[in-house]
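Contents: one structure, followed by commentary.
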Amino acid sequence: MLQYDIIIVGAGGAGLYAALETSKKENLKVAVVSKVFPTRSHTGAAQGGINAALGNVAPDNPEKHSYDTVKGSDFLADQDAVELMCQMAPKIIREMEHMGLPFSRLENGKIAQRPFGGASFPRTCYAADKTGHVMLQTLYEQCVKNGVNFLNEWFALSLVHNGERIAGIVALNLRTGEIVGIRAKAVILATGGHARIYWKRTSNALGNTGDGPAMALRAGVPLKDMEFVQFHPTGLRRTGILVTEGARGEGGYLINKDGERFMKRYAPEKMELAPRDLVSRAIETEILEGRGFKDAEGNKFVYLDLRHLGRKKILERLPQIRELAIDFEGVDPIEEPIPIRPTAHYSMGGIDTDIYGRTRIKGLYAAGECGCVSVHGANRLGGNSLLDIVVFGKLAGEDAVNYVSEVSLLPFEESAVREQEDRIRALFNNDGSEKLADLRNELSDVMTYGAGIFREEKKMKEALEKVREIKERAKKIKVYDTDMTFNTNLQQTLEFLNMVEVAETIVLGALERKESRGAHFRLDYPKRDDENFLKHSIIERGDDGELKISWKPVKITKFQPEERKY
Amino acid sequence: MEKRKVTFRIRRFNPKKDSQPYYQEYEVEVVKGMTILEALQFIKDNIDPTLSFRAFCRSAICGSCSVKINGYPKLACKTQVFGELEVYKTDILTIEPIDNMEVIRDLIVNWDSAIEKMEKMRPYLIPDPEVVPKTLDEECKVYPNELKKFDRFTDCILCTTCYSVCGIVKVDSNYGGPFPLARVYRFAVDPRDALKKERAKIGYTFDMWNCVRCEKCADVCPKHVAPVNGIMKLRGLSIDIGLKNNPGARHVAAFYKSLLESGMLNEVLLPLRTKGIKGVLENLPMGIKMILKGKAHSPIMKPIAEHEGLRKVMKAAMEVE
Numbered sequence: 001m002l003q004y005d006i007i008i009v010g011a012g013g014a015g016l017y018a019a020l021e022t023s024k025k026e027n028l029k030v031a032v033v034s035k036v037f038p039t040r041s042h043t044g045a046a047q048g049g050i051n052a053a054l055g056n057v058a059p060d061n062p063e064k065h066s067y068d069t070v071k072g073s074d075f076l077a078d079q080d081a082v083e084l085m086c087q088m089a090p091k092i093i094r095e096m097e098h099m100g101l102p103f104s105r106l107e108n109g110k111i112a113q114r115p116f117g118g119a120s121f122p123r124t125c126y127a128a129d130k131t132g133h134v135m136l137q138t139l140y141e142q143c144v145k146n147g148v149n150f151l152n153e154w155f156a157l158s159l160v161h162n163g164e165r166i167a168g169i170v171a172l173n174l175r176t177g178e179i180v181g182i183r184a185k186a187v188i189l190a191t192g193g194h195a196r197i198y199w200k201r202t203s204n205a206l207g208n209t210g211d212g213p214a215m216a217l218r219a220g221v222p223l224k225d226m227e228f229v230q231f232h233p234t235g236l237r238r239t240g241i242l243v244t245e246g247a248r249g250e251g252g253y254l255i256n257k258d259g260e261r262f263m264k265r266y267a268p269e270k271m272e273l274a275p276r277d278l279v280s281r282a283i284e285t286e287i288l289e290g291r292g293f294k295d296a297e298g299n300k301f302v303y304l305d306l307r308h309l310g311r312k313k314i315l316e317r318l319p320q321i322r323e324l325a326i327d328f329e330g331v332d333p334i335e336e337p338i339p340i341r342p343t344a345h346y347s348m349g350g351i352d353t354d355i356y357g358r359t360r361i362k363g364l365y366a367a368g369e370c371g372c373v374s375v376h377g378a379n380r381l382g383g384n385s386l387l388d389i390v391v392f393g394k395l396a397g398e399d400a401v402n403y404v405s406e407v408s409l410l411p412f413e414e415s416a417v418r419e420q421e422d423r424i425r426a427l428f429n430n431d432g433s434e435k436l437a438d439l440r441n442e443l444s445d446v447m448t449y450g451a452g453i454f455r456e457e458k459k460m461k462e463a464l465e466k467v468r469e470i471k472e473r474a475k476k477i478k479v480y481d482t483d484m485t486f487n488t489n490l491q492q493t494l495e496f497l498n499m500v501e502v503a504e505t506i507v508l509g510a511l512e513r514k515e516s517r518g519a520h521f522r523l524d525y526p527k528r529d530d531e532n533f534l535k536h537s538i539i540e541r542g543d544d545g546e547l548k549i550s551w552k553p554v555k556i557t558k559f560q561p562e563e564r565k566y
Numbered sequence: 001m002e003k004r005k006v007t008f009r010i011r012r013f014n015p016k017k018d019s020q021p022y023y024q025e026y027e028v029e030v031v032k033g034m035t036i037l038e039a040l041q042f043i044k045d046n047i048d049p050t051l052s053f054r055a056f057c058r059s060a061i062c063g064s065c066s067v068k069i070n071g072y073p074k075l076a077c078k079t080q081v082f083g084e085l086e087v088y089k090t091d092i093l094t095i096e097p098i099d100n101m102e103v104i105r106d107l108i109v110n111w112d113s114a115i116e117k118m119e120k121m122r123p124y125l126i127p128d129p130e131v132v133p134k135t136l137d138e139e140c141k142v143y144p145n146e147l148k149k150f151d152r153f154t155d156c157i158l159c160t161t162c163y164s165v166c167g168i169v170k171v172d173s174n175y176g177g178p179f180p181l182a183r184v185y186r187f188a189v190d191p192r193d194a195l196k197k198e199r200a201k202i203g204y205t206f207d208m209w210n211c212v213r214c215e216k217c218a219d220v221c222p223k224h225v226a227p228v229n230g231i232m233k234l235r236g237l238s239i240d241i242g243l244k245n246n247p248g249a250r251h252v253a254a255f256y257k258s259l260l261e262s263g264m265l266n267e268v269l270l271p272l273r274t275k276g277i278k279g280v281l282e283n284l285p286m287g288i289k290m291i292l293k294g295k296a297h298s299p300i301m302k303p304i305a306e307h308e309g310l311r312k313v314m315k316a317a318m319e320v321e
């Protein structure tokens with residue numbers, strides 16, 4: 001058995017910032033457990049940028065940033081958390097800048113900022129269209145500098161606690177196949193999002209399978225606001241790979257079959273720079289009403305046109321986008337418009353935490369996309385995700401450092417390891433009458449049509465039933481690969497089982513929230529209903545194994561809910 | 001919709017089970033638009049769940065999935081199957097793990113030694129207190145032209161593709177390798193860094209002068225980083241800080257001096273200036289042969305006609321650097 005003071009699960013922006021925070025304290029034994037090598041984490045795929053009211057381009061302040069965020073969230077964000085994040089933003093940007101992060105610059109040497117959806121000022125700091133990538137590399141470099149200890153290519157299987165406090169985790173060493181108990185006084189989950197549930201239509205990495213929330217759910221820890229899944233307006237037609245909002249920030253147009261800039265009908269003032277939920281629905285409406293394009297494979301889409309930006313600007317500000325469009329769609333945006341369609345992108349919901357990342361179990365924290373503080377409420381603004389992960393990764397790290405100085409290790413029962421061994425052995429011995437890939441695709445379709453961009457009661461009820469049915473059928477999936485050296489068949493199966501578990505909470509939350517708010521849009525309840533639903537949904541697994549839902553008030557400080565118009 | 005039957009010939013190896021690597025063939029019907037990674041996942045999903053490979057972002061930014069396709073290393077996720085069939089005029093694609101690293105299983109290699117080497121080379125910013133403000137109330141000033149010097153090198157995704165094709169990595173275990181050395185250069189020209197040109201000493205310690213400039217690392221880099229350019233510039237910095245006492249640096253200096261003196265390369269003086277008397281003696285038999293065949297000039301050379309112009313161009317080029 002391994003033993004540490006703090007274990008951080010996940011090595012993206014939140015995990016690495018938490019690790020950096022713990023590395024400031026000497027003599028603390030910390031390990032970062034990641035199922036990939038740290039710089040492979042999905043934070044690296046974030047293209048557009050990170051918001052902070054630096055005011056380098058136009059006068060700005062954290063309060064305006066807070067207001068835009070709260071309004072963008074459709075007033076479901078907790079305002080104390082939003083204020084904290086927006087206050088910390090300029091300092092944390094400068095902290096990373098001092099670490100060597102290569103932000104794009106203005107002529108006067110200061111950090112450049114560009115406009116993004118839902119923001120009232122050019123507030124998004126960026127490094128061309130590779131902001132997440134350089135951020136992840138910079139944080140990793142600093143971790144190397146500070147001697148952070150990594151357990152790379154380890155897959156976390158379960159959380160171990162005594163009902164009150166955390167005792168550690170059980171994890172699988174992917175290279176050797178060993179199942180190992182890891183004791184710790186504190187565990188910080190930073191496992192990222194779960195939009196891979198929409199398998200065939202998502203911008204997410206293959207591993208964004210909700211491992212953190214699924215483990216939490218199994219351990220009796222509640223999840224919050226799971227019904228809110230953001231569809232990013234501009235995913236590539238075939239693969240769902242993302243075209244950054246920066247492309248619209250730089251002035252890209254959305255065009256339908258009639259050559260019309262259709263956003264004028266949905267957000268006449270902000271046009272393409274309206275928030276993501278609005279733009280996604282606008283595109284889907286165009287497609288549903290027959291004003292989209294259709295290709296030979298049956299994919300439906302509209303165009304994102306960048307041609308008028310000119311070769312120079314595209315090469316300078318959006319070089320990666322150009323390459324993605326060429327490699328994955330065979331389209332050079334300098335000469336042709338890019339075929340796009342909304343793609344499942346971001347999980348607003350996650351493990352229920354307070355502003356320090358604390359969960360119901362003492363010593364168990366969650367930060368970043370796997371957690372829900374909540375600062376994004378019902379809809380996240382572009383550029384606020386990278387900010388969320390660093391701010392709350394840092395705060396969780398800080399709080400965990402304080403916490404572990406006051407407590408000792410809990411006993412860690414070996415049976416927790418054996419339980420996972422049994423679970424995996426059972427996967428090798430199943431009858432194999434169900435196939436992993438088929439069920440994964442089925443889950444994707446059920447979620448896309450039952451709990452996607454547009455939702456309604458009848459379809460969601462069916463979806464919930466189908467998810468439960470898939471969960472039952474999943475018990476028959478067999479892991480055919482029995483060799484324990486880098487068994488990716490086993491890993492993909494475990495990831496799928498996590499996704500099914502999380503999917504159920506999304507549909508249940510969506511069914512119970514009988515209103516439309518942010519990314520959650522109900523055809524049968526098209527209006528926001530503050531009287532009944534200005535509150536967070538909380539879902540947990542009861543002792544009987546069934547999911548149960550409860551509600552929690554939203555924290556409102558400065559900004560009273562008002563109608564959201566753009 | 002265009003479809004083609006493709007045979008994927010994949011190198012398999014599980015060191016715990018197999019005494020030797022072997023090739024296994026899978027026939028797949030591929031639609032236009034499919035990437036190599038999608039094809040691998042199709043095989044895993046539908047034909048053989050034991051086929052092992054790494055993949056994560058599937059959009060060419062995480063660096064997990066570098067493999068060799070018909071002998072050439074690429075990211076599986078951004079390589080179109082139809083594109084490869086076109087290039088090689090074939091219906092058979094051979095997929096193998098990348099080189100210079102031990103195979104863990106099938107297409108999965110152990111990149112630890114490459115990464116560990118980089119981690120020893122201080123691949124992180126050490127803030128210069130003269131430049132980096134003491135508080136978080138201010139940011140550093142970095143001008144666009146300063147950023148331009150190192151920005152390209154921050155595109156590196158640590159996919160280790162360049163490392164896998166490097167001939168020097170193969171023969172010199174102390175050699176830092178393309179991506180780690182390029183990263184050293186990246187920090188050496190970051191105005192916020194405290195070590196600055198002194199970073200060239202790290203490159204020096206990790207045998208950067210052994211790079212033979214074959215440019216393979218530049219050819220294969222999926223992000224167009226061209227690590228070799230970083231290595232060359234790092235060498236330049238090492239000469240700037242006076243690390244001249246090695247054959248590589250002397251060779252560069254001899255080239256430069258020769259061009260400055262006459263506008264032509266003095267091949268007779270070159271060994272003398274690079275390797276000293278010992279070098280001349282070593283190269284003497286070759287030199288004599290060359291003179292006899294009329295392939296070498298006399299050591300006494302007249303400057304070329306446009307010599308002054310050339311000197312001006314050289315001077316301007318040095319200033320730009």
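If you're matching them up, the sequences are chains A and B in order. Just so you know, the first sequence maps onto residues 1 to 566 in UniProt numbering. Just so you know, the second sequence maps onto residues 1 to 321 in UniProt numbering. Heads up, the beta-carbon is just placed ideally off N, CA and C, and yes, glycines get one too.
Between the C-alpha atoms of residue i and residue j, what's the straight-line distance to the nearest angstrom?
| i | j | result |
| --- | --- | --- |
| Gly210(A) | Glu540(A) | 15 Å |
| Met118(B) | Pro180(B) | 5 Å |
| Met460(A) | Lys466(A) | 9 Å |
| Met290(B) | Gln41(B) | 58 Å |
| Arg307(A) | Gly252(A) | 8 Å |
| Lys233(B) | Ile241(B) | 13 Å |
| Glu335(A) | Lys278(B) | 60 Å |
| Leu497(A) | Ala171(A) | 16 Å |
| Ile92(A) | Lys475(A) | 45 Å |
| Glu95(A) | Leu136(B) | 6 Å |
Report buried or exposed for residue i, applying the criterion of at least 16 other Cβ atoms within 10 angstroms of its Cβ.
| i | result |
| --- | --- |
| Asp295(A) | exposed |
| Glu319(B) | exposed |
| Leu151(A) | buried |
| Tyr22(B) | exposed |
| Arg261(A) | exposed |
| Ala317(B) | exposed |
| Leu292(B) | exposed |
| Ala426(A) | exposed |
| Val171(B) | exposed |
| Met1(A) | exposed |
Could you tell me the boundaries of the alpha helix (DSSP H) in which residue i lies?
| i | result |
| --- | --- |
| Lys24(A) | Run containing Lys24(A): none; DSSP gives neither H nor E here. |
| Ser405(A) | Neither: Ser405(A) is in no alpha helix (DSSP H) and is coded neither H nor E. |
| residue 571(A) | Because chain A spans 1 through 566 in this model, residue 571(A) falls outside it and cannot be assessed. |
Assuming residue i is part of the beta strand (DSSP E), what are its boundary residues?
| i | result |
| --- | --- |
| Arg183(A) | 179-183 |
| Lys362(A) | Careful: Lys362(A) lies outside any beta strand (DSSP E) and carries neither H nor E. |
| Gly350(A) | 350-352 |
| Gln230(A) | 229-236 |
| Asp305(A) | 300-305 |
| Ser158(A) | 154-161 |
| Lys548(A) | 547-553 |
| Ala167(A) | 166-173 |
Q: Counting only runs of 4+ residues fully inside the segment 58-145 of chain A, write out the alpha helix (DSSP H) ranges in chain order.
A: 62-72, 79-98, 131-145
Q: Entirely within the segment 18-91 of chain B and at least 4 residues each: give me those alpha helix (DSSP H) ranges in chain order.
A: 36-46, 81-88
Q | Short-range partners of chain A found in the segment 21-33 of chain B, where Cβ spacing is below 7 Å | A | Gly33
**Q.** Inside the segment 222-265 of chain B only - alpha helix (DSSP H) runs reaching at least 4 residues
**A.** 227-240, 247-262
Q) Relative to chain A, which residues along the segment 126-149 of chain B have a C-beta separation below 9 Å, given in chain order? A) Ile126, Pro127, Val132, Pro133, Thr135, Leu136, Asp137, Glu138, Glu139, Cys140, Lys141, Val142, Tyr143, Pro144, Glu146, Leu147
Q: Could you name the residues of the segment 227-259 of chain B whose beta carbon sits closer than 8 Å to any beta carbon of chain A, in the order they occur along the chain?
A: none
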